[in-house]
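>
Residue numbers (full-length UniProt numbering): 1 to 907.
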């Protein structure tokens with residue numbers, strides 16, 4: 001990874017880059033047009049370097065930039081690391097051409113960085129950045145790691161440190177000014193891809209073959225085992241990481257791991273790489289020595305700019321409508337490593353339909369797909385008649401008679417108990433559906449506002465067939481069917497059934513949790529609704545988690561660009577009192593106020609980093625003993641696994657879970673995009689492939705090892721790729737399915753189903769009980785199972801429980817955001833407790849971040865200004881709804897008065 005460290009101390013910089021350390025083997029060299037303007041060319045001198053550290057002109061001796069503040073930032077250290085096999089081949093074969101190939105690749109990457117160098121502009125009241133296109137840099141090459149603890153000697157590691165001084169020449173103001181590299185730091189992965197790509201191309205020109213690996217490459221012919229043999233520092237840091245995690249029960253992320261490596265490293269030693277060659281060679285086996293012979297001429301990975309860009313567009317836009325322009329170029333360069341150029345990638349991307357605006361990008365296809373949906377909604381406005389069962393009630397009837405007519409209509413539709421008791425807000429949503437003349441109808445319901453209750457009434461009052469769908473099996477076959485919608489199904493199942501689609505002719509397609517609906521599925525629903533002349537109701541909460549797949553912020557887009565009205569449920573029914581106020585604050589996006597309310601209630605617990613899970617598990621077990629419906633939510637699976645281990649240990653101690661357990665192979669979703677699944681070079685042979693429909697020689701439900709599979713012979717949309725894992729279960733354990741499973745009796749068990757392990761058969765199969773007490777026997781190779789004690793906030797969406805316990809550990813900080821906070825807290829009726837080792841300021845910062853993905857339409861099309869006619873229509877509707885509400889309140893009050901008088905008269 002390209003690491004950029006800030007150099008804040010002039011004395012430390014001079015010592016760190018002294019001639020006795022970094023310049024002892026390979027002399028430093030000046031880089032950049034800024035250096036040339038100062039007369040600095042070729043080999044660097046210590047005297048010039050030290051003057052620049054003090055912000056002095058190397059030749060004139062005076063201040064370089066106008067302002068020299070105390071504790072001024074000296075500059076930045078850009079650290080370019082070659083892949084391990086490159087340094088290994090350099091040192092063990094003595095091919096010094098590799099050294100120049102690396103240095104030239106660094107110069108290439110720094111050239112791209114220089115093009116983006118900027119400075120701040122403050123003149124004439126401005127506060128902006130201006131590109132200057134020049135820098136002062138010094139590259140120093142180093143060839144070893146820090147010493148290893150086992151023999152006090154280093155391994156080979158070819159890398160460069162480029163010192164970029166905090167000065168750039170502003171031609172418009174004709175002076176040297178402080179540099180501004182915030183955007184450069186942000187784009188560091190892009191520049192790293194340019195470096196690795198150029199290095200791979202240079203090595204290919206020298207006759208070496210390369211093999212793609214992860215985001216980079218290794219030299220073909222150098223095995224992973226040999227690479228690992230000379231990566232002892234990496235192994236040391238990894239071993240220390242595992243030790244700390246196991247001993248203290250914490251998880252160390254990438255950033256913490258990097259700091260761990262810095263704090264545990266030994267001092268450099270005064271020894272040249274050339275003097276270490278004999279030692280390194282002595283560590284080789286005869287087989288490894290043979291491996292290093294004949295590397296020149298081995299076959300090489302190759303690609304084209306066309307294929308690399310096609311992959312990047314497919315990969316990046318599967319889950320986003322808008323991506324950062326540079327991230328897309330980075331993905332293409334890494335895919336085509338050694339065979340492409342940054343300039344060629346940019347040209348090809350434009351040719352393949354990339355649209356760029358303000359450093360963000362979308363594609364013509366993505367924009368067109370959103371455009372079809374917007375046009376469909378816009379064209380469908382006012383083209384249908386209302387669909388209320390009570391619309392035939394004579395206009396001359398009194399309000400009370402109309403109300404009674406509605407009650408009779410609902411009762412005739414099979415609703416027991418007559419007209420359900422709804423709040424005025426919920427009644428308004430029902431009328432919004434019944435009275436709408438639009439083909440697309442939007443309903444936004446906040447968490448716990450009674451969406452399902454309102455939905456039942458609204459559907460009961462519709463005068464035509466309604467097909468109820470949800471994006472996930474858990475939401476459709478789980479939540480909706482449990483709440484009385486017996487025929488509810490997944491969107492995927494509906495899209496795969498022509499018979500079900502035909503049944504919607506002149507009917508209604510109602511999609512719950514529509515915020516989780518991928519845009520490609522919505523586009524297909526659009527086509528079906530067009531063909532069947534059906535209405536489309538989209539109900540959901542845009543403030544909850546969005547679809548992992550590209551979703552296009554459809555609520556906001558349809559409201560703003562198609563002019564559709566949105567009926568909203570805001571009044572929270574699930575919580576009461578101060579808790580209700582806290583959830584309402586989150587819904588109103590006042591996250592800090594909600595945090596303060598939860599803190600005041602004592603529901604945010606600051607816990608020790610080394611014993612973080614104990615208070616949570618204590619409260620979990622106490623809740624179970626009290627008969628409460630409990631839910632534990634963690635932002636990441638890693639943190640969830642830690643909590644699961646603690647819960648199971650404690651439950652074993654109480655005898656709830658039996659001590660004897662059995663290990664099962666499980667499938668771990670890798671989350672690959674379609675583009676990744678179609679890339680043969682991505683497979684190691686250790687993966688498992690499962691098919692979801694008949695495809696070539698494979699049938700729906702088949703599971704095969706990746707070693708026996710070729711993605712080039714299969715359509716990538718027909719299968720998913722998993723890693724192999726293991727999990728142990730015992731009698732009494734709670735497990736959750738992570739995919740569809742067919743039980744031994746042929747019964748289908750849907751994804752997200754919770755089961756309790758009752759025991760095991762003689763064949764080793766799990767015998768489990770469902771929540772309703774039914775017994776199911778799972779096949780030994782079920783695969784799609786895991787422990788069910790902890791869930792992520794994504795999986796918890798749609799659930800309602802008594803108490804929620806939310807883990808927000810420091811290692812999960814990147815996954816904590818506004819949506820995670822909102823969904824997690826709002827699941828509970830009674831109490832939502834947060835357990836964190838983060839400082840309050842860090843939590844407050846994290847919960848304000850949002851998954852604010854743009855739509856292509858929002859990027860490329862200015863937000864339309866509402867027309868006068870639309871404004872007038874909205875005003876009339878608001879007045880009409882207010883009048884209707886007040887009128888009904890009056891009627892209800894009069895009705896109650898009449899009833900009271902009748903009761904008194906009867907007495």
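All C-beta atoms in this analysis are idealised placements derived from N, C-alpha and C, irrespective of residue type, glycine included.
Keep in mind the model is a prediction, meaning the values are calculated, not measured.
What did DSSP end up calling residue 80 once you bin it into helix, strand or coil?
What you label residue 80 is simply residue 80 of the chain shown in a count that begins at 1. In the structure shown, residue 80 sits in a strand (DSSP, three-state: E or B).
> If you follow the alpha helix (DSSP H) that residue 49 is part of, which residue opens it and which one closes it?
Within the chain shown, residue 49 is the residue found at index 49, counting from 1. Unbroken alpha helix (DSSP H) run through residue 49: 46-53.
> Give the range of the alpha helix (DSSP H) segment to which residue 644 is assigned.
Within the chain shown, numbered from 1, the residue matching residue 644 stands at position 644. Residue 644 -> alpha helix (DSSP H) spans 637-654.
> Compute the Euclidean distance between the alpha carbons of residue 863 and residue 555, then round it to the nearest angstrom.
Sequence index remark: in the chain shown, residue 863 carries index 863 (1-based). Sequence index remark: in the chain shown, residue 555 carries index 555 (1-based). Taking the straight line joining both Cα atoms gives about 14 Å.
> Between residue 660 and the rest of its own chain, which residues show a CB-CB distance below 7 Å, the 5 nearest in sequence each way excluded?
What you label residue 660 is simply residue 660 of the chain shown in a count that begins at 1. Excluding positions up to five away in sequence, the list reads 730.
> Taking three-plus beta-carbon pairs below 8 Å as touching, is the region 197-206 in contact with the region 102-112?
Judged by Cβ distances under 8 Å, the region 197-206 makes contact with the region 102-112, as three or more pairs qualify.
> Using CA atoms only, rank isn't needed, just tell me which of 756, 615, 750, 761 is closest to residue 490.
Along the chain shown, one-based indexing puts residue 490 at 490. Out of 756, 615, 750, 761, 750 has the C-alpha closest to the C-alpha of residue 490.
> According to DSSP, residue 832 sits in a beta bridge with which residue or residues?
As a first step, residue 832 is located in the chain shown; it is residue number 832 there, counting from the start. Beta-bridge pairing links residue 832 to 804.
> Helix, strand or coil for residue 606? Go by DSSP, reduced to three states.
The sequence position of residue 606 within the chain shown is 606, counting from 1. Looking at residue 606 - three-state DSSP - the assignment turns out to be strand.
> Which residue from 95, 74, 146, 538 puts its Cα closest to that of residue 445?
Start at 1 with the first residue of the chain shown, and residue 445 comes out as number 445. Residue 445 has its Cα closest to that of 538, out of 95, 74, 146, 538.
> Since residue 635 contacts residue 815 with CB under 8 Å, what's their CB separation in whole angstroms?
Position 635 of the chain shown holds residue 635. Position 815 of the chain shown holds residue 815. About 4 Å separates the two Cβ atoms, so the contact holds.
> Please report how far the alpha carbon of residue 303 lies from the alpha carbon of residue 568, in whole angstroms.
Locating residue 303 in the chain shown gives position 303, counting from the first residue. Locating residue 568 in the chain shown gives position 568, counting from the first residue. Looking at the two C-alpha atoms, the distance is approximately 51 Å.
> Given this structure, state the Cα-to-Cα distance separating residue 629 from residue 756, to the nearest angstrom.
Along the chain shown, read from residue 1 onward, the residue named residue 629 stands at position 629. Along the chain shown, read from residue 1 onward, the residue named residue 756 stands at position 756. C-alpha separation (whole angstroms): 15 Å.
> Grouping DSSP H, G and I as helix and E and B as strand, with all else coil, what is residue 244?
Along the chain shown, read from residue 1 onward, the residue named residue 244 stands at position 244. Residue confidence for residue 244 is low, a pLDDT of 49 falling below 50, so the modelled location carries little weight; the figure read from the coordinates is stated next. In this structure, residue 244 counts as helix in the three-state DSSP scheme.
> Kindly indicate which three-state DSSP category residue 8 falls into: helix, strand or coil?
Taking the chain shown and counting its residues from 1, the one referred to as residue 8 is at position 8. Three-state DSSP puts residue 8 in coil, outside helix and strand.
> Suppose you measure from the CA of residue 738 to the CA of residue 228; what does that come to, to the nearest Å?
Translated into positions along the chain shown, residue 738 becomes position 738. Translated into positions along the chain shown, residue 228 becomes position 228. If you take the alpha carbons of residue 738 and residue 228, they lie about 34 Å apart.
> Under the three-state reduction of DSSP, which class applies to residue 693: helix, strand or coil?
Sequence index remark: in the chain shown, residue 693 carries index 693 (1-based). DSSP places residue 693 in coil when its eight states are reduced to three.
> Of the residues 837, 380, 462, which one's Cα is nearest the Cα of residue 433?
The residue given as residue 433 occupies position 433 in the chain shown. When each option's Cα is compared against that of residue 433, the closest is 462.
> Which residues does DSSP list as the beta-bridge partners of residue 296?
Within the chain shown, residue 296 is the residue found at index 296, counting from 1. DSSP, once it has assigned bridges, lists 208 as partnering residue 296.
> Sort 549, 547, 542 by Cα distance to residue 557 and report the nearest one.
In the chain shown, counting from the first residue as 1, residue 557 sits at position 557. Out of 549, 547, 542, 542 has the C-alpha closest to the C-alpha of residue 557.
> By DSSP, does residue 335 sit in helix, in strand, or in coil?
Residue numbering aside, residue 335 sits at position 335 when the chain shown is read from its first letter. Helix.
> Going by C-alpha to C-alpha distance, which of 121, 166, 773, 386 sits closest to residue 6?
Counting from 1 along the chain shown, the entry for residue 6 is found at position 6. It is 166.
> Using the three-state DSSP reduction, which class does residue 505 fall into: helix, strand or coil?
Position 505 of the chain shown, counting from 1, holds the residue named residue 505. Residue 505: coil per DSSP, three-state reduction.
> Among the candidates 772, 703, 779, whose CA atom is the shortest distance from the CA of residue 762?
Numbered from 1 along the chain shown, position 762 holds the residue referred to as residue 762. The option with the nearest alpha carbon to residue 762 is 779.
> Taking Cβ to Cβ, would you say residue 657 is nearer than 8 Å to residue 733?
As a first step, residue 657 must be located in the chain shown, where it is residue number 657. As a first step, residue 733 must be located in the chain shown, where it is residue number 733. Going by C-beta atoms, residue 657 is nearer than 8 Å to residue 733.
> Taking only three categories from DSSP, how would you classify residue 410?
For the purposes of this step, residue 410 is taken as the residue at position 410 of the chain shown. With a pLDDT of 44 at residue 410, under the threshold of 50, the predicted position of this residue should be treated as unreliable, though the coordinate-derived value follows. Here residue 410 sits in helix by DSSP.
> Count the other CB atoms within 10 Å of the CB of residue 286; is the residue buried (16 or more) or exposed (fewer)?
Numbered from its first residue, the chain shown carries residue 286 at position 286. Its Cβ having fewer than 16 others within 10 Å, residue 286 is exposed.
> Where does the unbroken beta strand (DSSP E) through residue 630 begin, and where does it stop?
Along the chain shown, read from residue 1 onward, the residue named residue 630 stands at position 630. Its beta strand (DSSP E) spans residues 630-633.
> In chain order, what residues of the same chain lie with their CB nearer than 8 Å to the CB of residue 319, ignoring the 5 residues before and after it?
Along the chain shown, read from residue 1 onward, the residue named residue 319 stands at position 319. Only 548, 549, 550, 673 meet the Cβ criterion.
> Tell me the rounded alpha-carbon separation between residue 464 and residue 507.
As a working mapping, residue 464 is identified with position 464 in the chain shown. As a working mapping, residue 507 is identified with position 507 in the chain shown. Taking the straight line joining both Cα atoms gives about 6 Å.
> Roughly how many angstroms lie between the CA atoms of residue 596 and residue 811, to the nearest whole one?
The residue labelled residue 596 in the question sits at position 596 within the chain shown. The residue labelled residue 811 in the question sits at position 811 within the chain shown. Cα to Cα, residue 596 sits roughly 23 Å from residue 811.
> Compare the Cα-Cα distances from residue 578 to each of 594, 348, 566 and report the closest residue.
Numbered from 1 along the chain shown, position 578 holds the residue referred to as residue 578. Taking only the C-alpha atoms, the option nearest residue 578 is 594.
> Evaluate the contact criterion for the region 144-154 versus the region 48-64: three or more CB pairs, one atom per stretch, below 8 Å.
Segments in contact, no.
> Nearest by alpha-carbon distance to residue 611: which of 626, 639, 682, 536 is it?
In the chain shown, the residue the question calls residue 611 occupies position 611. Of the listed residues, the one whose Cα sits closest to residue 611 is 639.
> From this set, 179, 145, 284, which residue's C-alpha is nearest residue 67's C-alpha?
Locating residue 67 in the chain shown gives position 67, where the first residue counts as 1. The option with the nearest alpha carbon to residue 67 is 179.
> Report the CB separation of residue 345 from residue 308 in whole angstroms; it is logged as a contact under 8 Å.
Counting from one through the chain shown, the residue named residue 345 turns up at place 345. Counting from one through the chain shown, the residue named residue 308 turns up at place 308. Correct: roughly 7 Å between the Cβ atoms.
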